[in-house]
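Below you'll find the structure, written out as structure tokens, and then a few comments.
Residue numbers (our numbering): 1 to 66.
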């Protein structure tokens with residue numbers, strides 16, 4: 001099993017755009033688990049999917065995320 005997912009993989013698996021993931025990172029709401037210092041690629045852990053689901057649900061019920 002993979003330990004980390006790229007931002008593109010997280011996008012496809014969770015139906016959340018890359019722009020949304022970057023926005024959540026900028027808000028310090030949902031940060032990548034690891035950032036590659038050489039190329040600045042963002043990586044998320046598999047266990048973070050649970051937290052992203054919570055954020056998506058809160059957004060769905062109308063909670064402000066900013």
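We put the beta carbon where it would ideally sit given N, CA and C, even for glycine.
(message) On the DSSP letters alone, give me the boundaries of the beta strand (DSSP E) that residue 44 sits inside.
(response) 42-45
(request) Using the Cα positions of residue 18 and residue 11, report the straight-line distance between them to the nearest angstrom. (result) 6 Å
(message) So for residue 5, helix, strand or coil by DSSP?
(response) strand
(request) Kindly indicate the opening and closing residues of the alpha helix (DSSP H) around residue 20. (result) 18-26
(request) Tell me residue 34's beta-bridge partners as DSSP assigns them. (result) 43
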